[in-house]
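Novice:
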Amino acid sequence: MSDNIYAPPTAELTETGKTSSEFYVISKTKLLVLSFLSFGLYTYIWSYKNWSVYKKAHQLDIWPLARAIFFIFFMHQLYRRADDRVARSGRKFDFDFEQWATVFVVVTVGARVFEMAANRIETWFAYKPLAILAVPLCAYILQQAQGLINFAAGDPEGQSNARFNLWNYLVIVPGAIMWCLTLMGLWAIYHR
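The opening position of the sequence shown corresponds to residue -18 in this note's numbering, with each subsequent residue numbered one higher.
Okay, structure coming up:
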């Protein structure tokens, strides 16, 4: 500091604060693990967090909880907004989000319809456990689309949310146990 009281201020006037993101950033690996080990339930949390962050960033009057519960109806819209954000920033991300969102919705709904049909059609009942194959497939599709969301948020690798925390392990440990029990059960069913 100068002793001259008439000297201009020397404080740096550039903005150094980090801007808030419009989307929920998570590493693709972490998303895949949590989605897979939670049997797809993490998708609801992921959707809620995305819409909650988006609502806060844009001061919108939307219900993130409703969009999370009915995520299949809002999947395309979320990816469209992320793609629009990338386009407005002047960058380009080569990703067919419409196709991936459609495949996700079709697999999710198709697995549920197949499971319900297997409950009613006696000859299909033996194949009902195969509906569980939709879980890893949906986790993979969600992981691929997260690349677009992370890119739109300015963190392409999702490094700001790549580490697993205690809450994540409360999903991972029971999820791993449940998957082991499920696979043992499927093996027992088909190898009698």
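Even glycine gets a Cβ: it sits at the ideal position worked out from N, Cα and C.
The structure displayed is predicted, hence computed values, not measured ones.
#1: Can you check whether the CB of V6 is closer than 8 Å to the CB of N146?
#2: Can you tell which of V84, F106 and L129 has its C-alpha closest to the C-alpha of I122?
#3: On the DSSP letters alone, give me the boundaries of the alpha helix (DSSP H) that N149 sits inside.
#4: Three Cβ pairs or more, each shorter than 8 Å: is that satisfied between the region 108 to 118 and the region 87 to 97?
#5: Using three-state DSSP, classify R69 as helix, strand or coil.
#6: L18: which of H172, R173 and L151 sits nearest, CA to CA?
#7: Please state if the CB of Y29 and the CB of A49 are separated by a distance shorter than 8 Å.
#8: Taking 8 Å as the threshold (C-beta atoms), are Y25 and F4 in contact?
#9: Can you check which of these residues, P45, K73, H57 and S16, is closest to A133 by C-alpha distance?
#10: Jot down the residue ranges of each uninterrupted alpha helix (DSSP H) in the region 21 to 89, minimum 4 residues, whole runs only, in chain order.
#11: DSSP three-state label for E103, please.
#12: Measure the C-alpha to C-alpha separation of I170 and G71 and round it to an integer number of angstroms.
#13: Per DSSP, what kind of secondary structure is P(-11) in: helix, strand or coil?
#14: Give the DSSP-derived three-state secondary structure of L111 in the structure shown.
#15: In whole angstroms, what separates the C-alpha of S2 from that of Q125?
#16: By alpha-carbon positions, which one of A99, A(-12), N(-15) and S16 ends up nearest to A157?
#17: So the alpha helix (DSSP H) D14 belongs to, where does it begin and stop?
#18: Please report the distance separating the alpha-carbon of A68 from that of I(-14).
#19: Are the beta-carbon atoms belonging to L13 and A98 less than 8 Å from one another?
Specialist: In terms of the structure at hand:
#1: no
#2: Relative to I122, the option among V84, F106 and L129 whose CA is nearest is V84.
#3: L147 to Y171
#4: Contact between the region 108 to 118 and the region 87 to 97 is present, because at least three Cβ pairs lie under 8 Å.
#5: helix
#6: L151
#7: yes
#8: no
#9: K73
#10: 23 to 39, 45 to 50 and 52 to 69
#11: The DSSP-derived three-state label of E103 is helix.
#12: 54 Å
#13: coil
#14: helix
#15: 20 Å
#16: S16
#17: Position check: residue 14 holds Val in this sequence, whereas Asp was assumed. Looking at the DSSP string, the run of the alpha helix (DSSP H) that includes V14 is K9 to L18.
#18: 49 Å
#19: no
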